[in-house]
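The structure appears below as structure tokens.
Residue numbers (the numbering used here): 134 to 251.
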């Protein structure tokens, strides 16, 4: 069983920066995708950014050029550097680890509140 532990949420003023971290306990395969999703009040959970075990990244259009996802495979960890933050970035951010190849899995972190004040 894999557990994801997140840290780094908080409150920041518009234009500021925050860094989220997520570490996975247990054994994970190199054929995985780690990423960050966010859910604002009354809205669905949306993709923010993902990174494959090989380092390929994908970003939502709304965060391109402002957020950077990175990973440390040796530590089974993924990070999200958030710069030039906007009030609309306010949400609960969730770490995710998934694998589509057999055996498939899909794990979620507990969620971290990020609030950007204007």
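Ideal Cβ positions, reconstructed from N, Cα and C, are used throughout, including at glycine. Everything numeric in this text was worked out from a predicted model, so none of it was measured.
- In three-state DSSP terms, what is residue 147? What you label residue 147 is simply residue 14 of the chain shown in a count that begins at 1. Residue 147: coil per DSSP, three-state reduction.
- Task: Give the DSSP-derived three-state secondary structure of residue 219 in the structure shown.
- Result: Within the chain shown, residue 219 is the residue found at index 86, counting from 1. When DSSP states are grouped into helix, strand and coil, residue 219 belongs to the coil group.
- Task: Whole angstroms is fine: what's the gap from residue 175's alpha carbon to residue 225's?
- Result: The count along the chain shown starts at 1 and reaches residue 175 at position 42. The count along the chain shown starts at 1 and reaches residue 225 at position 92. Rounded to whole angstroms, residue 175 to residue 225 spans 12 Å at the Cα level.
- Message: Please report the distance separating the alpha-carbon of residue 136 from that of residue 156.
- Response: Position 3 of the chain shown, counted from the start, is the residue given in the question as residue 136. Position 23 of the chain shown, counted from the start, is the residue given in the question as residue 156. Spanning the two alpha carbons is a distance of roughly 8 Å.
- Please work out which residues of its chain come closer than 7 Å, Cβ to Cβ, to residue 161, disregarding the five sequence neighbours upstream and downstream, and give them in chain order. On the chain shown, residue 161 is found 28 positions in, with the first residue counted as 1. Listed in chain order, the non-local C-beta contacts of residue 161 below 7 Å within the same chain comprise 135, 209, 230, local neighbours out to five positions each way being set aside.
- Taking residue 230 as part of the beta strand (DSSP E), name the residues at either end of that continuous run. Translated into the one-based positions of the chain shown, residue 230 becomes position 97. From DSSP, the beta strand (DSSP E) with residue 230 extends over 224-232.
- Task: Measure the alpha-carbon distance for residue 238 versus residue 182 and round it to whole angstroms.
- Result: Within the chain shown, the letter at position 105 stands for residue 238. Within the chain shown, the letter at position 49 stands for residue 182. Straight-line Cα distance between these residues: approximately 18 Å.
- Item | Beta-carbon separation (whole angstroms), residue 164 vs residue 234, contact threshold 8 Å | As a position in the chain shown, residue 164 is number 31, starting the count at 1. As a position in the chain shown, residue 234 is number 101, starting the count at 1. By a beta-carbon distance limit of 8 Å, residue 164 contacts residue 234. Their separation comes to about 5 Å.
- If you draw a straight line from the C-alpha of residue 199 to the C-alpha of residue 243, how long is it? Counting from one through the chain shown, the residue named residue 199 turns up at place 66. Counting from one through the chain shown, the residue named residue 243 turns up at place 110. Distance between the alpha carbons of residue 199 and residue 243 is about 24 Å.
- So, helix, strand or coil for residue 135, using DSSP? To locate residue 135, count along the chain shown from 1; it is residue 2. If DSSP states are grouped into helix, strand and coil, residue 135 belongs with coil.
- Query: Quick one: Cα of residue 169 to Cα of residue 227, how far?
  - Reply: Residue mapping note: residue 169 aligns to position 36 of the chain shown, counting from 1. Residue mapping note: residue 227 aligns to position 94 of the chain shown, counting from 1. In this structure, the CA atom of residue 169 is about 6 Å from the CA atom of residue 227.
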